[in-house]
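Numbering (my numbering), first residue to last: 370 to 495. All C-beta atoms, glycine included, are put in the ideal place defined by N, C-alpha and C. Right, one structure below, let's go through it.
Have a look at this one:
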């Protein structure tokens with residue numbers, strides 16, 4: 370299955386979402402902010418970044434995606450948000466974001482998004 374980097378500043382949500390994705394066979398590394406995300410990248414090449422749009426840190430999900438893509442330019446990105454707005458959608462247009470998922474969402478919704486973004490055959494782990 371795929372390697373996923375999950376970044377969300379809410380510990381319970383991050384843990385819950387990580388368990389869902391791991392139960393689907395994905396290797397998941399998680400972090401609360403950009404510092405933890407960059408540390409998680411050591412020796413880890415993710416296929417997909419799932420990040421909260423509004424992190425309680427110096428950057429937002431889009432800024433985090435830019436940081437991670439410096440190391441992994443082909444990385445797919447899914448942003449999650451509890452505050453969807455038309456302004457946010459306009460801001461993200463043309464930014465190479467595979468999907469924006471609005472909180473709250475069902476487990477089937479995140480699974481469908483991950484499957485759609487990664488394609489029918491997720492990369493095999495080494």
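Is it right to say residue 415 is buried, meaning 16 or more other beta carbons lie within 10 angstroms of its own, or is it exposed? The residue you call residue 415 lines up with position 46 of the chain shown. Buried is the call here.
Since I believe residue 374 is in contact with residue 401 (beta carbons under 8 Å), could you give me their beta-carbon distance rounded to a whole number of angstroms? Counting from 1 along the chain shown, the entry for residue 401 is found at position 32. Counting from 1 along the chain shown, the entry for residue 374 is found at position 5. Between residue 374 and residue 401 the Cβ distance is about 12 Å, and since that is not below 8 Å, they are no contact.
Less than 7 Å between the beta carbons of residue 377 and residue 421, yes or no? Locating residue 377 in the chain shown gives position 8, where the first residue counts as 1. Locating residue 421 in the chain shown gives position 52, where the first residue counts as 1. It is a contact, given that the beta carbons lie within the stated cut-off.
Using only CA atoms, which one of 426, 476, 404 and 417 lies nearest to residue 443? For the purposes of this step, residue 443 is taken as residue 74 along the chain shown, with counting starting at 1. The shortest C-alpha separation from residue 443 is found at 417.
Alpha carbon of residue 313 to alpha carbon of residue 372, nearest angstrom: With the chain covering 370 to 495 only, the question about residue 313 has no answer from this structure.
Mapping DSSP to helix, strand and coil, what is residue 392? Residue mapping note: residue 392 aligns to position 23 of the chain shown, counting from 1. In the structure shown, residue 392 sits in a helix (DSSP, three-state: H, G or I).
Specify the secondary structure class of residue 462 as computed by DSSP and reduced to three states. Taking the chain shown and counting its residues from 1, one reaches residue 462 at position 93. Residue state, collapsed to three classes: coil.
On the three-pair Cβ rule with 8 Å, is the region 432–443 touching the region 379–396? no
Bridge partners - residue 372, DSSP secondary structure assignment: Counted from its first residue, the chain shown places residue 372 at position 3. The partner list for residue 372 (beta bridge, DSSP) reads 396.
Run the CB neighbour count on residue 403, radius 10 Å, all protein chains shown included, and call it buried at 16 or more, exposed below. Residue 403 sits at position 34 when you count from the first residue of the chain shown. Buried, by the Cβ-count rule.
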